[in-house]
Amino acid sequence: MNEDTNALPRLLIVDDSRMVRASIIKQIRDRFDCREECDGEAAWEALVVDSTVQVLITDIGMPRLDGYGLIERVRASRIARLHKLPIIVISGDEDDGARERARELGANDFITKGIGTAELVARLDTLTRYGQTSRELEESREALANHSPIDPGSGLTTRAYMNWRASQDLALARRQQGGVSVMVFEIDRIDEVVAKYGHQVAELIAKKLRAILALKVRHEDTVSELGIGKFMLLSPLTDMVAASAFAMRLQSAIGKLVMTYRGEQIRVGVSAGVSSTYVDGLDTLSRLTELAFERLAGAQSAGGNRVFGKDGEITREVIERMLRRAVSVDQALNHLRLGQEDEIAALLPDLLLALQPLLQFAERRLQLGLPMARLERLARETATGEESME
C-alpha cells in the first residue's frame, strides 16, 4: 500500500471534555493531523478501523470505557500496530497514583492539561518517530514470518504456510484418491472470558489449548491459530470418522481443564466443526474451512462443548455408527467368492455408498451409462430405512 510521505502524522485525542480536546488540537494542528473521540469505547472502535493513527492521547476519567481500560485493551491486542501504539496519558499535576497505574498498564508518557506548545510538540515528535520505527520493525518481522512455517507468537504454523500446505495435501489426495479433513476449534464463550477476566486470562487458556493440540496432532497434520482461542487443523488422508474422533478426544481433554484465577475456578469448554473431502466433495481449503466454520457455529448455537459434522452433532454413538458403515470392499468380495450372498445383502446399501466415488469416476471416464442418480438414491433410502429400524 502506497502512503503519502508528505501527510502529517495522525493522532487520536480522547477526552470527554470538548474544550480539552480543542485546546490540544489548537496547539499542534500545524504539525499533526488530529482525530478526536469523547470516550474510551469510541476511541477503541476508531483505533481498530483507522490504521493511520500513530499516537494515542487519552484522558483517564471517561464514560463507557475509561483510560485505564483503553490502555489495557490496546496493550492486550493481537493486532501488532495497536499492541505497539505509543500512548500519552493526560493527567493532573498531583495525580501520581493515576500515573503509576497507567505506566504499569503500558502508557509511554504523561502530559498535563496546561502543557506548553513547544514541550508538547517535542514529546509528540519523539513518540511518532518511535512509533514509526516500531512499525517498520514489525513489518520486517511479519515479512520474515511469511517465509517461515512457524508463527513466533503462537509457536504454530502461519496462515501462509497453512494455505501452501493445503494446496499440497489436496493435490496429493486427488492423485491418490484420498482425502483431507479440516477441523476448526474455538474456546466456548471466549468473549465472556475476556470481558470478565481480561485478555491475559483468555490468553492463558488459549496457551493451554495450543499445548494440547501440539501433543495430540500427527506429524503430517498442520495447525494454525486464527485468533485468540480459535484454531484450525488440516489433516491429510483422514476421513470424517477419524477427524470426528480426534475432535472429540480434544474436546474431552479440554473439558478436564480447570484453571484457578484469584480464587475462582474457571472451567473451559471447546466446540468444533468438521468437514472432509470424503463426505463433502469439496476440493479447496476455502470451501472446506467455510463449511467447518458453519458447523462450529451450529455447535455453539446448540449450547457449546459440542462437535458438529455434516449431519449435526457428533457423539460417541454417531462415531460407532459411522464405523459400522465403513464397510470393507475386499471383505464383501470374499463373501461373494464363497457364495455367501446373504452376508452381502445386509451390507449392500453401505457398499453402494462406499463405492459411489469409484462408480462416478468409472462413469466419467468410460461412459458406461450407469444410473448413478438412481443408485445413490437407492443406497441412501435403503440405508435410511435400516437406520430407522435399529
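Under the numbering used here, the first residue of the sequence shown carries the number 761, and numbering increases by one thereafter.
Cβ coordinates follow ideal geometry from the N, Cα and C atoms, glycine included.
Alpha-carbon to alpha-carbon, residue j and residue i
i        : j        : result
Ile-784  : Val-815  : 14 angstroms
Arg-778  : Asp-790  : 19 angstroms
Ala-1052 : Asn-1065 : 15 angstroms
Ala-840  : Pro-769  : 18 angstroms
Gly-866  : Lys-956  : 20 angstroms
Leu-1117 : Arg-1124 : Checking the sequence shown, residue 1117 turns out to be Pro, not Leu. Taking the straight line from one Cα to the other gives about 11 angstroms.
Thr-812  : Tyr-921  : 28 angstroms
Ile-910  : Arg-925  : 13 angstroms
Asp-799  : Gly-989  : 28 angstroms
Tyr-1038 : Met-1000 : 7 angstroms
Asp-885  : Ile-847  : 13 angstroms
Gly-857  : Lys-786  : 29 angstroms
Asp-1040 : Lys-1070 : 8 angstroms
Arg-883  : Tyr-828  : 21 angstroms
Arg-859  : Asp-869  : 9 angstroms
Ile-831  : Ile-875  : 22 angstroms
Asp-948  : Phe-991  : 12 angstroms
Asp-810  : Ala-803  : 10 angstroms
Leu-807  : Arg-919  : 24 angstroms
Val-1078 : Glu-963  : 33 angstroms
Ser-1061 : Glu-1054 : 11 angstroms
Gly-1129 : Gln-1120 : 11 angstroms
Leu-975  : Val-983  : 11 angstroms
Glu-1024 : Ile-871  : 38 angstroms
Glu-1101 : Asn-923  : 47 angstroms
Ala-851  : Glu-805  : With the sequence shown as reference, residue 851 is identified as Ser, and Ala is not the correct amino acid for it. Cα to Cα, Ser-851 sits roughly 23 angstroms from Glu-805.
Ala-1122 : Ala-933  : 18 angstroms
Ala-1105 : Gln-1127 : 27 angstroms
Pro-1131 : Leu-1056 : 36 angstroms
Cross-strand partners of residue i (DSSP beta bridge)
i        : result
Asp-793  : Arg-770
Phe-870  : Val-849
Ala-920  : In the DSSP output, where bridge partners are listed per residue, Ala-920 has none listed.
Leu-993  : Met-943, Val-983
Phe-1068 : Gly-1033, Glu-1073
Val-813  : Arg-770
Thr-818  : Val-774, Val-849
Ile-831  : Paired residues: none, contrary to the question.
Ile-910  : Thr-917
Sub-9 angstroms separation of residue i and residue j beta-carbons
i        : j        : result
Leu-916  : Leu-973  : yes
His-843  : Val-849  : no
Leu-994  : Val-954  : no
Lys-968  : Leu-1017 : yes
Ser-1185 : Gln-1011 : A query on residue 1185 cannot be resolved here, the shown segment of the chain reaching from 761 to 1150 and no further.
Ile-817  : Leu-845  : no
Gly-1033 : Val-944  : yes
Glu-996  : Glu-985  : Note that residue 996 is Pro in the sequence shown here, rather than Glu. Taking 9 angstroms as the Cβ cut-off, Pro-996 and Glu-985 do not qualify as a contacting pair.
Val-873  : Val-961  : For clarity, residue 873 is Lys in the given sequence; the question names Val instead. Not a contact, by the Cβ cut-off of 9 angstroms.
Ile-773  : Cys-794  : yes
Thr-888  : Phe-792  : yes
Glu-1073 : Ala-1059 : yes
Ala-836  : Gly-958  : yes
Leu-825  : Glu-864  : no
Arg-838  : Gly-987  : yes
Ile-1026 : Ile-950  : no
Buried versus exposed, by CB contacts within 10 Å (16 or more), residue i
i        : result
Glu-797  : buried
Val-1067 : buried
Asp-775  : buried
Gly-891  : buried
Phe-1006 : buried
Thr-1020 : exposed
Glu-946  : buried
Val-1028 : buried
Thr-1075 : exposed
Leu-880  : buried
Thr-1044 : exposed
Leu-904  : Only weak support is given to the placement of Leu-904: the predicted model assigns it a pLDDT of 49, under 50, and the value that follows is read from those uncertain coordinates. Answer is exposed; the Cβ neighbour count stays below 16.
Leu-1093 : exposed
Thr-1144 : The predicted position of Thr-1144 is uncertain, since its pLDDT is 46 and thus under 50; no value can be drawn from it.
Leu-1048 : buried
Gly-1015 : exposed
Ala-782  : exposed
Ser-1046 : exposed
3-residue-minimum beta strand (DSSP E) runs that sit fully inside the segment 1012 to 1064, ordered along the chain: List check, beta strand (DSSP E) in window: 1018 to 1021, 1024 to 1027, 1030 to 1036.
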